[in-house]
Amino acid sequence: PEALNLAFALTGFAGRLVIGSWYGTNSEFGFDYLRDNMAMRWEDRVQRGHHYAIIDEVDNVLIDEARTPLIISGPAQEAAEWYVRMAQIVRRLKPGEDVEINERDRTVTLTEIGEAKVEDALGMPLRDPERPEDLTPEQEQIWGYLEQALRAQFLFKKNKDYIVQGGKVIIVDEFTGRLMPGRRWSDGLHQAVEAKEGVRVQPENITYATITIQNYFRMYEKLAGMTGTAATEAEEFHKIYNLDVMVIPTNLEYLAARPDTDLIALEATDEEGYRYTYYADKNDPEKKPLYWKRKDYPDVIYRTEEAKFRAIAWEILRFHVQGRPILVGTTSVEKSERLSRRLNAENLRRLALIMLLRDAFLRQGDREEGRQYPELEPLYRPLDKLSMGELRNYARQWGISANPEKEDNLERLRDLLLPTPTEQSRWEEVKPRLIQALRAGISHHVLNARKHAEESQIIAGAGAFGAVTIATNMAGRGVDIKLGGELAEEVLTAVNRVLKRAGYADPYDMRLEERYQALKELASEQYGIYEAEVRHFLQYMDDMRRVREVGGLHVIGSERHESRRIDNQLRGRAARQGDPGSSRFFLSLEDELVRLFGGQTLENVMARLQVDELTPLEHGLVNRLIEQAQTRVEGANFDMRKHLLEYDDVLNQQRAKIYAQRDRVFLKDDLTEDVNALLEEEIRQRVAEVVAEPEGAWRLLAYLEQIQPTLSAGPRLYPSYTMYLLLEEIPPEARQDEARLRQALLDVARRAMEAEHGHLRTWTENLIATLDEHLDNLLREREEALDTFLEGLSLSESFPRREEVQQELQSILQIPVALKPAEWQALQEDPWSIKEDLLAELEAYGVERNLKRALTTLQRISGTELAPAGTLLRRMEEEDLTWGEVVLQTLDTVLARRAERLFGPAGSIPADLDLELKHLLRERPPLSATPATDAEILVLLGRLQEGRQTTFDRKTHRAIKVATTRLRYLYLAATLLDVQDAEAVAEEVLEHLQEAQTFRQEALGAEEWARLKEVPSRLLPPKTQRGLRQALGDDTLQAHWDTPLGVFPEPLHQPLVQELGRQVLTEIYRALLLHSITNAWVEFLTRMEALRVSIGLEAYAQRDPLVQYKAKAFEEYERLIREIRAGVVNHLFTYRPAGVQIQAPGRGETASEATQTEEPAPASEGSSAPAPTTASSGGKKKRRRRRRKKK
């Protein structure tokens, strides 16, 4: 566990769990497992495997907490500025016009007007007009921020759904109205509300790893455990964990069952008629009890909860005044505090007076106990509803004093409170404590979640003489309450020292009773400086004896739990290790368990028998009924857990596969084959997709340009695939002559511009057609809705108000509508008279919106400033043109100006090319002697692609130069690529990318060789040594064991560089794979969590949610695999995490101080340092193209 890892770090040990057995909490072991599978280095992992686990309180861990998810979460990427920006934008939107709000379904959606306004505010389109259903990842992210901002602005109200307090947004519970600090809405909604209210936007949390305790322990090959309450869950242990439950007798039962024992188990009946078991010495003729089994009284059930609480308070008073410690178990914090109030002096006096009044009433007429009498019904109202004035009136009426402390009342309370002769024999001892309780209440402790910090202190005193503890389930499992209270360790130490000084050989092994008797024999002078501690010990032992004499700890259950195990755990706090003790559960017909399972039957029985409200029903039937109810609930809960486990198994299997892949990434020495397999699968899939698309060629090239740009290693360059296609457009003869080279480069640049212009023109025509079609459909749909509305107006007897008509028209047409007086008058006379005007307004608005969207999109794609929409609208009217024609004419004008600016008489590209050629030829031999290399041509093409533009800096208020892209080679390269033969394209692309990997490997190897050239091979890490043995041969490496790498013989240089490069590249692949798996797994968990929440809705469609969940989870898993593959391939040629290199020993280290080598080897004589071998400057060899379009 983590605490041990800290200890390892402080003491210098390794962090892995390498010893045989480990102790820890179940949750910490689970978190260690999750952290292990988030680690980015194998040495950071701490768990070895999952072989054998022994679990204490196994039923609590594997059943009660089985569904508890262990979650490691953290903040998502910072996006506070987007939440704030969206909050500012949606604040300007108008309900009805810009957004449609459905309060009943709690939904809010943008209208087309609102979408256009948001696009104007953002300065970017929210969707691609060409493919509105296909959103880019950036657009999906922006839509997520926008939708949450809309919900926050229009659906969630301040001081109703939330409040702002102390600079934080706090949720208000819609059912209770209580504040819920610490709770946050998910999916970015809470951040959107924070942005709306102008408070600091807290980052949202996402799940990095999760597993349930159940699934964690199911990974162990063998499981075992122990508990005192597993028998009732034997079926679940067997079916879920394949564990059999074996009941082991208690220590006393085992001793009594042995043939050579002196103990004998006997049964007896107490003074109230209850049977109990105790253990005595079989040689004792009187058979005095030595040890006891717990006395479990039958459950008692009352008609009302008020009567039950009175009975519990009366039971507490009865045993408290006798000195018995009492533990009261409740099911909630609220009930524990409610019961606590019953023990104050005022409520105890009222209860005592009511019991006296009831007794007096029954004695006056010699009435039968337990029968229902109308005269007593007013006394059965809640205690806080009864005033002392009312009770005094009843006291006068029935001839008793209203003061419970009067002597005659105390005599009657003795008979009522102490029903047995043994109890009454202690009256003189009990009486003062009873009077004290009536005057000051019963001193007690309440142990619940609000007093968690005081738990140990409260439990330590719970067994003291007369102690009363009211607790929730916190005082159940694992709590050891000692009779007489807890004895401090320092007191016991002092007693041992006194006895040791008195001559006792080994007081540390003496039992408490033996120590007590030994101290009694000592004179007080022998206590010395420990007199106070010895006196405390003697008093403690006297109190323990007194507690045993009065019956030990008494446990009261205020309600039955759904599970019998929880009740048995509460009972088990009493009569531990042979001490006396007892337990009783108090129930009412209003308890949830009784009410749901058989409560109505008991209610009918008690009503038919006219049972008094304060008279309990105590019968074996009650116990059997409650046990049957608990069995049914346990069975239902088991079925529910088993059903949920089927859901968990899906994610569990996927988790196991992903984590196994992570382990494989850690342990495999060479990951080249795995990465190549991912690369091949991704490329073949991409190529197959683009073959079916009309513009698939340039899309493929854009993707390849993204994953593998032109690579550089010093003076060497390796082209991207796009640039590789363009290199072949420069003929060999042009590389040997400056004029020809200039003309060839200009031709490539001009053709690139023309191809780009052609693409923009085609794309704009398609965009116009798509938007026109969308507008036609829109007009048709809105016209039908308008006809329905106008027909309704014409048939209506009463005409709506003007505001209502305008609002309805605005809702139907989704445009701003303001009826002029003349239009309103015409509408009242004939609703159909304004139809054409409204449709004309709608069409004009749609045309303007299409024009704006087209211009915004074109401006973003072309990077050229276009004319404002208003100017083009006026031109449409003046020249009688359609909006599409205006857009195309504007585009043609812009493209013509661009061509003139780039290639005209004063064009920037020819001028820049002349400068670059002049600079190139100044620093190299003539082209006729040494033709231009691929690397030089790549540099020239890159310089032609980039331009400089003067712009205005708003911060400095100065003109500045910024880099711009003036040419895009993709569209020209796409015309050179024949995508009809997908297999041939895929093969050539893969060959190109594999050579890029080789180029990168050699570059990394040369870099590592230069860094390690002074390090002898014996000081290299073992993994590096193993690789060099395979690459150079074992004998060769041993011959150069002490030789620095930089002075290896020249023939060994190339394989040395390649091996070093392979090792570094493998570590880069390892880090990249782990990074991609981790990121994709986090996204996968988020989607699976959302799927788990929503899958229940499948039942409404008459589909099995579990079947649908498995199907969709499989789809999500396939998506996860695709995302991992794409994440690896997308960064394959550019990823280089910091610190990925071969570790070398520090300066001044010796061989023993450096990394441990595999084995010693003889040194060899060094040689002169060779220059590192490099790849060809051209970057790759020429090869015949298999699939080029014919010119």
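The numbering of the sequence shown is the numbering used here, which starts it at 67 and goes up by one.
Note that beta-carbon positions come from the ideal geometry of N, C-alpha and C, so glycine has one too.
Q) Going by beta carbon distance, what residues of the same chain come within less than 7 Å of Trp-890, once the five residues before and after it are set aside? A) Arg-868
**Q.** Beta-carbon contacts of Leu-766 that lie in its chain and below 6 Å, excluding the five residues immediately before and after
**A.** Val-756
**Q.** Cutoff 6 Å; reference Ser-1218; Cβ partners in own chain excluding five residues on either side
**A.** With a pLDDT of 31 at Ser-1218, under the threshold of 50, the modelled position of this residue cannot be trusted, and the question is left open.
Q. Taking C-beta to C-beta, are Val-1194 and Leu-745 nearer than 9 Å?
A. yes
**Q.** Gln-1046 (DSSP reduced to helix, strand or coil)
**A.** coil
Q: Scan the region 297-350 and note each continuous alpha helix (DSSP H) run of 4 residues or more that stays entirely inside, going in chain order.
A: 300-307, 317-323
Q: Determine the extent of the beta strand (DSSP E) in which Gly-623 is found, giving its start and end residues.
A: 619-623
Q: Scan the region 1052-1139 and note each continuous alpha helix (DSSP H) run of 4 residues or more that stays entirely inside, going in chain order.
A: 1088-1098, 1100-1105
(Q) Using only CA atoms, which one of Ser-994, Val-960, Glu-1002 lies nearest to Leu-979? (A) Glu-1002
Q. Opposite Phe-652 in the DSSP bridges: which residues?
A. Val-366
Q: Please report the Cβ distance between Ala-146 and Ile-272, rounded to the nearest whole angstrom; I am assuming they are in contact, meaning their Cβ atoms lie under 8 Å.
A: Contact doesn't hold; Cβ gap of about 15 Å is too wide.
Q | Residue(s) in a DSSP beta bridge with Asp-122 | A | Met-292
Q) Curious, which full-length beta strand (DSSP E) runs of at least 3 residues does the region 728-794 contain? A) 777-779, 782-784
Q: Give the DSSP-derived three-state secondary structure of Val-150 in the structure shown.
A: helix
Q: Examine the Cβ distances between the region 842-850 and the region 890-908 and report whether three or more of them are shorter than 8 Å.
A: yes
**Q.** Presumed contact (8 Å Cβ cut-off) between Val-883 and Gln-876, rounded CB distance
**A.** 5 Å
Q.
Assuming contact is defined by CB atoms lying nearer than 9 Å, are Ile-174 and Leu-216 in contact in what I supplied?
A. The sequence given here places Val at residue 174; Ile does not occur at that position. A contact, by the Cβ cut-off of 9 Å.
Q: Throw me the rounded Cβ distance for the Ala-261 and Ala-153 pair, which I believe falls under 8 Å.
A: 4 Å
Q. Is the beta carbon of Ala-182 sitting closer than 9 Å to the one on Arg-1158?
A. no
Q: Under 8 Å by Cβ, that's how I've got Val-265 and Val-235 pegged, so tell me the actual separation to the nearest angstrom.
A: 6 Å
**Q.** Cβ separation of Ile-547 and Arg-639, assumed to be a contact under 8 Å, to the nearest whole Å
**A.** 5 Å
Q.
If I measure Cβ to Cβ from Gln-430 and keep anything under 7 Å in the same chain, skipping five residues before and after, which residues do I get?
A. Trp-464
Q: Count the C-beta pairs between the region 1036-1046 and the region 788-806 that are closer than 8 Å, then say yes if the count reaches three, no if not.
A: yes
Q: Identify which residue in Trp-493, Asn-308, Thr-370, His-1106 has its Cα closest to the Cα of Gln-666.
A: Thr-370
Q. Does the Cβ of Ala-1259 have 16 or more other Cβ atoms within 10 Å, making it buried, or fewer, making it exposed?
A. The structure shown does not extend to residue 1259, since the chain is modelled only from 67 to 1257, so the question has no answer here.
Q. Do you know how far the Cα of Leu-1004 is from the Cα of Gly-1112?
A. 32 Å
Q: On the DSSP bridge assignment, give the partners of Trp-358 in chain order.
A: Tyr-344
Q) Can you tell which of Glu-204, Thr-1064, Tyr-713 has the C-alpha that lies nearest to the C-alpha of Asn-281? A) Tyr-713
Q) Do you know how far the Cα of Phe-303 is from the Cα of Val-311? A) 7 Å
Q: Take Leu-329 and list the residues in its own chain whose beta-carbon comes closer than 6 Å to its own, dropping the five residues that flank it on each side.
A: Leu-321, Ala-322, Tyr-345
Q.
Our contact map puts Gln-676 next to Gln-438 with C-beta atoms below 8 Å; I'd like the distance itself, whole angstroms only.
A. 4 Å
Q. With contact counted as at least three CB pairs below 8 Å, one residue from each stretch, are the region 621-629 and the region 600-612 in contact?
A. no
**Q.** Close Cβ partners of Leu-1186 (< 6 Å) along its chain, the five nearest in sequence each way excluded
**A.** Ala-1146, Phe-1150
**Q.** When Leu-961, Thr-1030, Thr-1022, Pro-997 are compared against Gln-1011, the one with the closest alpha-carbon
**A.** Thr-1030
**Q.** Candidates Arg-447, Trp-829, Leu-1056, of which the one nearest Ile-420 by Cα
**A.** Arg-447
(Q) On the CB-based measure, 16 or more other CB atoms within 10 Å of its CB, does Ser-453 come out buried or exposed? (A) exposed
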